[in-house]
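Heads up: the sequence shown at position 99 corresponds to 99 in UniProt numbering, and the numbers run straight through without jumps. Glycine residues also receive a C-beta, built at the ideal position from the N, C-alpha and C atoms. Predicted model, so just to flag it, every value in this text is computed and none were measured.
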Amino acid sequence: MSMKKKNIKLIILKIGMLLCLGVGLYPVITQAYTYYQTQQTLNSYKEKYDEASEKENEEVFKRYSEVNRKRKDTEQTSVTIPEDNNNIPSNGNLQKDKLGELVGEILIPKINVDLPIYDGVNDFQLSAGAGILTGTDYPTGGIGNHSVISAHSGIPNKKYFTDLELLKLGDKFFIDISGKKLAYQVDRIKTILPTEFEDLLPVAGKDYVTLMTCTPVGDNSHRLLVRGVSIPYQKSIVEKEKKKEDLKVKAQMNWYPIVVVGVLLIIAVIVIIKKIVAKRRGMKNEE
């Protein structure tokens, strides 16, 4: 075999190793980047209300509550569920005016979700996090309130509500809005058609928040509803739920380096074997 052919094969093997390394690390890198972006947004949100006075935060909260009150006065009888086309604008087009107001934060420890909540569900807002379904209440808590928070499922490298189907009755999720913290416990899970809205309307005497996403992933013909009923907020419960799920996530992430190293070892063994075989053939040819 000529030196030129050997060099070509060596180059191909090196490219193969780089490709395998890239494929192995891609999920880790992209998920880490998405997590970084989300945390930056949430940190900005927290800094905003931390720097504001208590009175200013109360005014914002009162504004949301007043919108909810006016909506009740109109005796709302319908909610429009938008079509989900999973349009994801490029990062360069995530303009601030398109994102609108960042209302709060939703934490779902069971599925390791921690997302900003925007005031609306346009493509820009759902690309950056979760959004309040237009026509439903702000998640301020209170009897007679029913907020619907929606997020995408099945978007590559953006889990968002992809694992919402893993929630079960009794699981908890938490909301922060202008510094006020609320807790909800899942009391109903249901799948509906996009034309069905009755389950999204307020219920007298109840304080609900419903999490909504498209299902099944890829088809998006229905909507998965995970409803939570208000429960007392306790910081100890939040920390317990977060710690429990953090351990699961770390255990899952530990598999990525193992897979990558395993692939590289296999490639290295193949390269070594080929070199040994090539040397032996060369020695035989010399004889």
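If we call anything under 8 Å between Cβ atoms a contact, is residue i one with residue j?
i	j	result
Thr115	Phe173	At residue 115 the sequence reads Leu, which differs from the Thr that was named. Result no, Cβ atoms of Leu115 and Phe173 do not sit closer than 8 Å.
Tyr49	Asn57	yes
Ile213	His222	Here the sequence assigns Thr to residue 213, which means Ile is not the residue at that position. No. Outside cutoff.
Phe61	Ile177	yes
Gly131	Ile111	no
Thr210	Leu225	yes
Gly104	Ile175	yes
Asp207	Val229	yes
Thr162	Ser150	no
Pro156	Ile81	no
Leu201	Val79	yes
Lys98	Asn122	yes
Lys109	Glu241	Residue identity check: residue 109 is Pro in the sequence provided, not Lys. The answer is yes: Cβ separation under 8 Å.
Arg227	Asp187	yes
Asp199	Ile189	no
According to DSSP, what are the bridge partners of residue i?
i	result
Leu102	Tyr118
His222	Thr215
residue 336	Residue 336 lies beyond the stretch modelled for the chain, which goes from 1 to 287, so this question has no answer here.
Lys158	Ile155
Leu107	Asp114, Phe174
Ser230	Tyr184
Ile132	Ile149
Please report the residue range of the beta strand (DSSP E) in which residue i lies.
i	result
Gln185	180-192
Phe174	172-177
Looking at the secondary structure, which residues open and close the alpha helix (DSSP H) in which residue i lies?
i	result
Ala128	123-128
Phe61	54-73
Does residue i get closer than 8 Å to chain B when you measure Cβ to Cβ?
i	result
Thr162	You won't find chain B in this structure, because it holds only one protein chain.
- request: Decide yes or no for the touch test of the segment 145-155 against the segment 130-137: beta carbon pairs closer than 8 Å, at least 3 of them.
  value: yes
- request: Taking 8 Å as the threshold, find out whether the segment 182-190 comes into contact with the segment 126-133 through three or more Cβ pairs.
  value: no
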